[in-house]
Amino acid sequence: AQKITQTQPGMFVQEKEAVTLDCTYDTSDPSYGLFWYKQPSSGEMIFLIYQGSYDQQNATEGRYSLNFQKARKSANLVISASQLGDSAMYFCAMREINQGGKLIFGQGTELSVKP
Amino acid sequence: SQTIHQWPATLVQPVGSPLSLECTVEGTSNPNLYWYRQAAGRGLQLLFYSVGIGQISSEVPQNLSASRPQDRQFILSSKKLLLSDSGFYLCAWSTTGGSGNTIYFGEGSWLTVV
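Sequence order for the protein chains is A and B. Each residue of the first sequence is one higher than the one before, counting from 561 in the working numbering. Each residue of the second sequence is one higher than the one before, counting from 1101 in the working numbering.
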């Protein structure tokens, strides 16, 4: 079974608008971490934001925020005020405390920001 | 601050030839180290991870191997490459295996097997 599911292969957003990238996960581990990475066309993986399973508040980092709904096992990334430079692949990933620290990735969402 | 480097950045190799990709981390001690592979247009697949010198865990059976001869050095190897080994290879590190520790990636190596 898929541990991390990203159901949107591609998304379009108008510059300066907000966009939500979906991510659902599956785990029975009580302690886990959820991460979002950005991968531009150059290939590098850039860490964006982290949410711990015990965190009470949603994580925020500048224009990025994570909409964490634990009961629904979802960890959606919200990008506010989209910029042309936000065009890239976005990956959701999970680390489980009982899995040796391995980071498991979803299949990614390709975001295109239109001027 | 910590940095991670991997090389070579780009590699074109014939089928059946050997492979060696190298990764080093600076500015930290006893990191967890990882090798991931990304096929074109797809997500990242964990190949190997290491929690210490000489300790390697393999995630996927394949003709690749990994070694960690020094604390901050991680090497991905193959004796005979297959066409299916083509892809983008990423080395990564984290301070420990805790679920809250961020994993940071190197610049990646593009491998084309011809």
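Using N, Cα and C, we set each Cβ at its ideal position, and we do this for glycine too. These numbers come from a predicted model, not from an experiment.
How many whole angstroms separate the CB atoms of residue i and residue j, which I take to be in contact at a CB cut-off of 8 Å?
i	j	result
Tyr592 of chain A	Arg632 of chain A	Contact flag wrong, Cβ pair sits at about 15 Å.
Val1115 of chain B	Val1213 of chain B	6 Å
Gly603 of chain A	Glu670 of chain A	Actually they do not touch by this definition, with Cβ atoms about 14 Å apart.
Ile564 of chain A	Phe628 of chain A	With 8 Å as the limit, Ile564 of chain A and Phe628 of chain A do not qualify as a contact, their Cβ atoms being about 14 Å apart.
Trp1210 of chain B	Thr1110 of chain B	5 Å
Pro1131 of chain B	Arg1172 of chain B	7 Å
Ala648 of chain A	Lys598 of chain A	5 Å
Give me whichever residues DSSP pairs with residue i in a beta bridge.
i	result
Gly593 of chain A	A:Gly612 and A:Arg655
Val1160 of chain B	Val1160 of chain B pairs with nothing; no bridge assigned.
Val673 of chain A	A:Val573
Leu1111 of chain B	B:Leu1211
How would you label residue i, buried or exposed, when you count the other beta carbons within 10 angstroms and need 16 or more for buried?
i	result
Asp1185 of chain B	buried
Gly1208 of chain B	buried
Asp589 of chain A	exposed
Phe572 of chain A	exposed
Tyr614 of chain A	exposed
Lys1180 of chain B	exposed
Ala1192 of chain B	buried
Leu644 of chain A	exposed
Against chain B, does residue i count as a neighbour if the rule is that its beta carbon must be under 8 Å from one of theirs?
i	result
Glu604 of chain A	yes
Gly622 of chain A	no
Phe595 of chain A	yes
Lys576 of chain A	no
Lys662 of chain A	yes
Tyr610 of chain A	yes
Gln568 of chain A	no
Phe651 of chain A	yes
Any beta carbon of chain A sitting closer than 8 Å to that of residue i?
i	result
Phe1148 of chain B	no
Gly1200 of chain B	yes
Ile1203 of chain B	yes
Thr1212 of chain B	no
Thr1196 of chain B	yes
Arg1168 of chain B	no
Arg1142 of chain B	yes
Whole alpha helix (DSSP H) elements within the stretch 619-658 of chain A, 4-residue minimum: none
Mind checking the stretch 1174-1197 of chain B against chain E and listing, in chain order, the residues whose C-beta falls within less than 9 Å of any C-beta there? Going by chain labels, chain E is absent from the structure shown, which instead holds the protein chains A and B.
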